[in-house]
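Asker:
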Amino acid sequence: MSIALSAVSYLLVVGAGVSVALQQVLNANLRADLGSPWWAGFVSYVVGMLAMLAVALLAPGPRLAEAVGGVGSWVTWTGGLFGALFIGTAILMVPRLGAATVLALIVVGQMLGSLAFDHVGLLGLPQQPISPTRLAGAASLILGVVLIRL
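Those letters in the sequence shown? Residues 6 to 155, by the working numbering.
Listed below in structure tokens is the structure:
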């Protein structure tokens with residue numbers, strides 16, 4: 006991959022991270038407007054589902070009936086449950102802890118989970134053993150959370 010393509014890829018991922026932060030603030034505000042974290046989460050999912058439906062219908066590739074066709078185990082269909090847990094927790098915690106702290110803690114959780122998942126090769130991931138360097142990276146994220154809270 007060229008340096009320019011790598012830079013664009015990294016910037017896209019950073020932009021996705023910014024969008025997650027903005028999503029959490031908007032969802033917390035919607036919670037206040039609606040008076041319910043559960044309806045705010047529902048609205049967030051419906052709007053996201055409609056956006057994803059539009060992309061799926063417009064993008065080249067298999068249509069839903071072809072894509073579903075009995076592929077995968079039931080476990081692979083449960084990802085949305087974890088998304089709901091993420092959205093619900095963030096909606097409840099952003100007003101209490103602030104967006105920066107919530108997202109920093111989410112990143113720590115993602116990193117710790119990812120390290121464990123890689124280490125055991127969870128659900129077909131290639132095994133990548135935990136190393137002192139990887140642990141130092143996770144510790145740096147935890148330190149980052151502490152610094153953000155100061």
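Even for Gly, the Cβ is constructed at its ideal location relative to N, Cα and C.
Predicted model only: the values in this text are computed from it and were never measured.
Just verifying my parser: in three-state terms, what is the DSSP assignment at LEU128?
Answerer: Helix.
Asker: Taking 9 Å as the cut-off, decide whether the C-beta atoms of ARG154 and THR106 are in contact.
Answerer: Yes; because the gap between Cβ atoms is below 9 Å, this pair is in contact.
Asker: List in chain order: all unbroken alpha helix (DSSP H) runs of 4+ residues lying wholly within the stretch 58 to 111.
Answerer: You should have 69 to 73, 84 to 102.
Asker: Could you name the residues of the same chain whose beta carbon sits closer than 7 Å to that of VAL149, not counting the 5 residues immediately before and after it, in chain order?
Answerer: The amino acid occupying residue 149 in the given sequence is Gly; Val does not appear at that position. Answer for GLY149: ALA109, listed in chain order.
Asker: Measure the alpha-carbon distance for GLY42 versus THR81 and round it to whole angstroms.
Answerer: The amino acid occupying residue 42 in the given sequence is Pro; Gly does not appear at that position. Straight-line Cα distance between these residues: approximately 26 Å.
Asker: Rounded to whole angstroms, what's the CA-CA distance from VAL52 to LEU102? Just pull it up for me.
Answerer: Each residue's Cα considered, the two are about 25 Å apart.
Asker: Looking at C-alpha atoms only, which residue of PRO131, LEU117, PRO100, GLY129 is the closest neighbour of ALA144?
Answerer: Nearest C-alpha to ALA144: LEU117.
Asker: From SER136 to SER119, what distance separates their C-alpha atoms?
Answerer: Approximately 13 Å between the Cα atoms of the pair.
Asker: So is MET98 buried or exposed if we call it buried at 16+ other beta carbons inside 10 Å?
Answerer: Looking at its Cβ environment, which holds 16 or more other Cβ atoms inside 10 Å, MET98 is buried.
Asker: Alpha carbon to alpha carbon, what distance is there between ILE96 and LEU130?
Answerer: Whole-angstrom Cα-Cα distance: 30 Å.
Asker: May I ask you to report which of helix, strand or coil DSSP gives PRO134?
Answerer: Three-state result, PRO134: coil.
Asker: Can the beta-carbon of ALA45 be found less than 9 Å from the beta-carbon of ALA26?
Answerer: Cβ atoms of ALA45 and ALA26: not closer than 9 Å.
Asker: What is the rounded straight-line gap between the Cα of THR83 and the Cα of LEU55?
Answerer: Distance between the alpha carbons of THR83 and LEU55: 19 Å.
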